[in-house]
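This report refers to the structure that appears directly beneath it.
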Amino acid sequence: MLAIFQLAMNRIDWLSKSAVDQIFDERSALPWLPSALMLVLAVVALLTRVASRWYIFNAGRDVEYELRSALLEHLHSLGAAFYRKMSAGEIMSRSSGDLLQVRLLFGFGILNLVNVGFAFASALQVMLSISGRLTVVSFVTLPLIVLLGRGVSGQLYTRTKANQEALGALSEVLQVNLAGVRVVRSFALERRERRRFDAANQAYLDASLGLARLRGLMGPAIGGAASVGLLAFFWYGAKLLLDGTLTKGAFFAFWLAYGRMTWPMIAVGFSVAIVQRGRAGFARLAEIFSEVPEIVSGDLPPPAQPRGALSVRGLSFAYGVRKREVLSDVAFDLPAGRSLAIMGRTGSGKSTLAMLLARLLPTPKGAVFFDGVDLCDLPLGFVRESVGYAQQDAFLFSTTVTGNVGFSLTETESEASRALIREAAKDAQVYEEAMALPEQLDTVVGERGVQLSGGQKQRIALARAFARSPRILVLDDPLSAVDAKTEEAILATIARHAKQGTLVLVTHRVAAASMCDEVVVLDEGRVLERGTPTELLANGSLYAAFAEEQSAERALLDLDLDERESAS
Numbered sequence: 009m010l011a012i013f014q015l016a017m018n019r020i021d022w023l024s025k026s027a028v029d030q031i032f033d034e035r036s037a038l039p040w041l042p043s044a045l046m047l048v049l050a051v052v053a054l055l056t057r058v059a060s061r062w063y064i065f066n067a068g069r070d071v072e073y074e075l076r077s078a079l080l081e082h083l084h085s086l087g088a089a090f091y092r093k094m095s096a097g098e099i100m101s102r103s104s105g106d107l108l109q110v111r112l113l114f115g116f117g118i119l120n121l122v123n124v125g126f127a128f129a130s131a132l133q134v135m136l137s138i139s140g141r142l143t144v145v146s147f148v149t150l151p152l153i154v155l156l157g158r159g160v161s162g163q164l165y166t167r168t169k170a171n172q173e174a175l176g177a178l179s180e181v182l183q184v185n186l187a188g189v190r191v192v193r194s195f196a197l198e199r200r201e202r203r204r205f206d207a208a209n210q211a212y213l214d215a216s217l218g219l220a221r222l223r224g225l226m227g228p229a230i231g232g233a234a235s236v237g238l239l240a241f242f243w244y245g246a247k248l249l250l251d252g253t254l255t256k257g258a259f260f261a262f263w264l265a266y267g268r269m270t271w272p273m274i275a276v277g278f279s280v281a282i283v284q285r286g287r288a289g290f291a292r293l294a295e296i297f298s299e300v301p302e303i304v305s306g307d308l309p310p311p312a313q314p315r316g317a318l319s320v321r322g323l324s325f326a327y328g329v330r331k332r333e334v335l336s337d338v339a340f341d342l343p344a345g346r347s348l349a350i351m352g353r354t355g356s357g358k359s360t361l362a363m364l365l366a367r368l369l370p371t372p373k374g375a376v377f378f379d380g381v382d383l384c385d386l387p388l389g390f391v392r393e394s395v396g397y398a399q400q401d402a403f404l405f406s407t408t409v410t411g412n413v414g415f416s417l418t419e420t421e422s423e424a425s426r427a428l429i430r431e432a433a434k435d436a437q438v439y440e441e442a443m444a445l446p447e448q449l450d451t452v453v454g455e456r457g458v459q460l461s462g463g464q465k466q467r468i469a470l471a472r473a474f475a476r477s478p479r480i481l482v483l484d485d486p487l488s489a490v491d492a493k494t495e496e497a498i499l500a501t502i503a504r505h506a507k508q509g510t511l512v513l514v515t516h517r518v519a520a521a522s523m524c525d526e527v528v529v530l531d532e533g534r535v536l537e538r539g540t541p542t543e544l545l546a547n548g549s550l551y552a553a554f555a556e557e558q559s560a561e562r563a564l565l566d567l568d569l570d571e572r573e574s575a576s
């Protein structure tokens with residue numbers, strides 16, 4: 009399209025030469041034919057110009073869309089190690105600002121660069137055909153324009169990347185403050201956080217002004233050089249015109265062609281800026297795309313009829329490289345349809361073990377088996393669908409209660425789905441409280457469930473796990489934020505779910521562990537003891553110590569309650 013546009017403009021230049029010469033030639037008729045042809049070509053040029061911009065700008069949008077989709081898919085595949093070194097604010101900055109620069113590169117940038125090439129070739133053919141000497145004189149400043157473009161190009165890339173990094177740092181400070189606004193207020197640290205934000209904001213301002221000064225210098229410098237070339241054309245062209253070497257039509261056509269060259273020469277500055285900004289944005293995105301996923305999907309076909317049996321053999325795990333092992337030589341078997349409680353003191357590796365069973369951490373090969381097949385050899389999608397996981401730190405999305413409970417469902421609008429969601433909410437003992445909200449189950453809970461209490465958030469997350477009905481249910485301390493009465497009701501529901509599938513319950517409460525078929529007690533990442541609740545109580549070891557401690561706590565609470573009732 010751009011080639012057709014420039015070809016049409018080339019023919020308009022030649023027709024204008026013929027038309028002007030006919031006007032000043034008393035023997036010639038009025039230039040009706042050249043004028044009519046110029047009008048037709050102008051319409052063709054207009055249509056092809058609009059079409060070329062439409063196609064190229066749409067291509068830039070398509071690239072942005074595909075890159076953004078690929079970025080999210082890749083982010084989903086990356087493990088905890090990546091998110092420990094790159095903050096959410098930085099990722100958001102790259103997925104918005106840097107993607108915008110890449111889109112401009114593939115849209116406006118490519119349009120300018122291709123148009124400059126075609127315009128240069130089209131106009132140069134006219135100019136050289138009319139006068140080679142005048143062309144050389146008009147291009148006297150072209151080497152200077154090229155040198156300016158090359159000299160500023162590297163600086164533009166460096167400053168653009170620094171500007172985007174400063175924006176990422178600013179986004180990180182803002183995101184952390186928004187997420188932790190309650191903590192900031194509770195410690196009265198608003199002034200300190202404003203100073204942190206002001207420092208990041210000032211760094212971004214300085215980087216932006218440095219980039220703006222460089223871009224502001226480049227445009228006028230190239231435009232000024234092009235204007236000097238235009239003056240040289242008028243000086244030498246007028247001389248050739250007065251000498252009779254050049255006709256008026258040839259002078260006019262040369263001026264039109266040179267005018268078509270002037271904007272592309274000025275646009276070189278804009279194009280260089282867009283290209284370098286796009287390069288910087290792409291380099292920052294490439295840092296994310298170059299990250300290798302820690303968790304890789306297996307290629308064995310999944311079992312046709314999964315039963316849900318788990319087997320852990322010599323499982324050891326450490327975060328990072330050459331760090332102290334969080335789990336060491338952990339081993340147990342959990343037949344399908346049975347329940348297992350995992351207990352231990354804080355920091356014993358319980359949550360890490362739960363995430364490894366759900367493949368939310370890079371499970372070592374040959375350590376965990378699902379129905380006798382290495383978990384690492386199974387498709388990751390199958391594992392995640394078969395193993396339901398409710399984490400200790402309940403995370404809610406900024407949507408309705410229905411949307412959160414039915415998050416894993418394909419849709420939540422049908423009556424069957426709504427019934428399933430209601431049943432899951434009832435099982436998690438949160439249905440009545442949800443129905444008391446302003447819009448009942450359709451109430452938007454706010455970002456991370458900001459409108460709900462800790463116990464409500466935890467129970468909605470538990471209902472989300474119940475609604476999924478997975479083959480294996482892994483619950484990581486799902487009762488830490490609920491009262492004793494609610495805990496008792498939820499435990500009854502968990503016991504019912506345990507009979508329908510395989511259950512792994514991470515807990516620090518003996519009452520919850522006692523309803524499971526077996527208990528594994530961890531101590532500093534190792535299996536200290538394993539057996540039925542009754543057997544472990546009789547052994548008198550750590551599990552029995554937990555039972556004794558919690559029994560004493562309950563006795564003290566009951567005594568305190570009795571004293572308050574007596575006083576009243």
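According to our numbering, the residues represented by the sequence shown are 9 to 576, in order. The beta carbon of each residue, even a glycine, is placed where N, CA and C say it ideally should be.
Sorting G463, D531 and L369 by C-alpha distance to the C-alpha of V338 places D531 at the top. Apart from sequence neighbours up to five positions away, the residues of its chain that approach A67 with a beta-carbon distance below 8 Å are F114, G115 and I118, ordered along the chain. In the pairwise beta carbon analysis, the region 163-171 is classified as touching the region 215-230: at least three pairs are separated by under 8 Å.
Distance between T354 and L112, taken at the CA atoms: about 51 Å. F325 is positioned such that its CB atom lies no closer than 8 Å to that of L388. Residues L113 and G117 of the same chain have their beta carbon placed closer than 7 Å to that of V283, with the five preceding and five following residues left out of the count.
Unbroken beta strand (DSSP E) runs of no fewer than 3 residues, entirely contained in the region 290-356, are found at 318-325, 335-342 and 347-352, following chain order. In its chain, beyond the 5 residues on either side, L364, L383 and C384 have a beta carbon closer than 7 Å to the beta carbon of T371.
Rounded to the nearest angstrom, the gap between the Cα atoms of Q109 and Y63 is 18 Å. Judged by beta-carbon spacing, L481 lies within the 8 Å limit of G396, meaning their Cβ atoms are closer than that value. Taking 8 Å as the upper bound for CB-CB distance, G176 and R102 are in contact here, some 7 Å apart. In the DSSP assignment, the residues bridged to L511 are S347 and L481.
DSSP, read as helix, strand or coil, puts D214 in helix.
Following the DSSP letters along the chain, one finds D531 in no alpha helix (DSSP H) but inside the beta strand (DSSP E) bounded by residues E526 to D531. Within the DSSP bridge table, the entry for E537 names V529 as partners. One thing to note: T253 has its Cβ no nearer than 8 Å to the Cβ of D29.
Your pair L49 and R19 checks out as a contact, with CB atoms roughly 6 Å apart and the cut at 8 Å. Taken through DSSP and simplified to helix, strand or coil, V280 comes out as helix. Rounded to the nearest angstrom, the Cβ distance from D379 to P478 is 14 Å, too far for a contact under 8 Å. Excluding five sequence positions before and after A281, the CB atoms of its chain that fall closer than 6 Å to its own CB belong to L164 and R223, given in chain order.
Contact annotation: A375 and G322 have beta-carbon atoms nearer than 8 Å. Looking at the DSSP output, G396 bridges to L481.
Taking 4 residues as the shortest admissible run, the region 399-424 contains the following complete alpha helix (DSSP H) segments, listed from N- to C-terminal end: 409-413.
By DSSP's assignment, D382 forms a beta bridge with F377. With contacts defined by Cβ atoms closer than 8 Å, E440 and S406 do not form a contacting pair. The DSSP-derived three-state label of V458 is coil.
The DSSP-derived three-state label of V134 is helix.
In the three-state scheme derived from DSSP, where H, G and I count as helix and E and B as strand, V452 is classed as strand. The region 466-476 and the region 193-205 do not touch, with fewer than 3 CB-CB distances between them shorter than 8 Å. Residue environment analysis places Q437 among the buried positions, since at least 16 neighbouring C-beta atoms fall within 10 angstroms of its C-beta. Closest in alpha carbon position to L47, among A16, F32, F65 and S85, is A16. Cα atoms of L80 and T420: separation of roughly 23 Å, rounded to the nearest angstrom. When rounded, the separation of the alpha-carbon atoms in S298 and G87 is 13 Å.
Within its own chain, the residues whose Cβ lies closer than 8 Å to the Cβ of R430, once the five positions on either side in sequence are excluded, are Y439 and L449, listed in chain order.
Apart from sequence neighbours up to five positions away, the residues of its chain that approach P486 with a beta-carbon distance below 7 Å are A398, Q466 and L470, ordered along the chain.
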